[in-house]
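Using this note's numbering, the first residue of the sequence shown is number 1125, and each one after it goes up by one. Encoded as structure tokens, the structure appears first; notes follow it.
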Amino acid sequence: MQLITPIIYLILAIFLLWVALSFRNASNSFAPFVPCRKKELPRIFEVINPKDGEIFYDLGCGDGRVVFYAARNFPVKAIGIELSLFFFLYCWFKHIFLADKGNITFKLKDLFYEDLSNADAIYVYGMPKVLEEKLRYKLEKELKKGARVIAYGFPIKGLEPESVRQPDENHKKSIYLYRF
Ligand SMILES: C[S@@+](CC[C@H](N)C(=O)[O-])C[C@H]1O[C@@H](n2cnc3c(N)ncnc32)[C@H](O)[C@@H]1O
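Structure follows, in structure tokens:
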């Protein structure tokens, strides 16, 4: 019995360390957690234009708002990839206990290790330098012909967008559509 309390503290300390380290790693890897604004979601999905049965990804899904919106409003398989343990658990609990049960999968994973060859549509909101210097090569290498990538806020430099939705008085960010 005397041994149980320190063991519980040790497990808790390891868990909190894992949460903190994965949060820091995620902030430095692709982008820190800055969610897209909820009122932008309809406009983002007008550009994504998901079709029946498509596989949709949010790379670095944060609190999962884009994934939940996709699964709630479109007949897609929605996949959220997240490196931060805190946000992964948040999404997982929300999916299991609160949110609608759409066709949703969350993965605790570095997005740069996810095989994207079966993706139909991919949404990204990442730092411009990482989009250009790291993600672009992965997309060019792995995506199938016809796959769409929707970049929110920042363009993927080095790729030619098929269309750009400019900000207006109600929407602060640009949305870039790329087709492979
Ligand atoms: C700018 S936020 C975007 C959140 C969400 N996609 C949205 O638009 O509301 C970027 C997210 O990517 C996550 N992230 C950063 N690096 C990552 C990586 N290498 N793999 C997976 N997720 C990562 C961060 O933890 C953060 O939640």
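Using N, Cα and C, we set each Cβ at its ideal position, and we do this for glycine too.
Under DSSP, the beta-bridge partners assigned to Glu1206 are Leu1232. By the neighbour-count criterion, in which a residue is buried when 16 or more other Cβ atoms sit within 10 angstroms of its Cβ, Asp1292 is exposed. Between Ile1205 and Lys1225, the CB-CB gap reaches or exceeds 7 Å.
In summary, Ile1274 is buried, with 16 or more beta-carbon neighbours lying within 10 Å of its beta-carbon over all protein chains present. Note: Ile1246 is bridge-paired with Tyr1181 and Val1273 in the DSSP secondary-structure output. Around Ser1241, the same chain offers Glu1266, Leu1267 and Lys1268 as residues with beta carbons nearer than 8 Å, after the five sequence neighbours per side are excluded. For the 7 Å CB-CB criterion, Tyr1302 and Pro1285 form a contact. For Gly1177, the shortest separation between its Cβ and any heavy atom of ligand 1 does not lie below 6 Å. Residue nearest to Asn1149 within the set Gly1282, Leu1235, Leu1263 and Arg1272 is Leu1235 (criterion: CA-CA distance). Assigned with DSSP and collapsed to three states, Lys1201 falls in strand. Distances between the C-beta of Cys1215 and the heavy atoms of ligand 1 are all 6 Å or more.
DSSP, read as helix, strand or coil, puts Val1254 in helix. For Pro1159, the Cβ falls inside the 6 Å cut-off from some heavy atom of ligand 1. Ile1205 has its Cβ nearer than 6 Å to a heavy atom of ligand 1. Taking the Cα of Met1251 as reference, the smallest distance to any Cα among Leu1183, Val1143, Phe1198 and Ser1146 is reached at Leu1183. For Leu1263, the enclosing alpha helix (DSSP H) begins and ends at Arg1260 to Glu1266. The region 1164-1179 makes no contact with the region 1139-1149: fewer than 3 CB pairs, one atom from each, lie closer than 8 Å. Rounded to the nearest whole angstrom, the CA to CA distance from Val1288 to Phe1210 is 33 Å.
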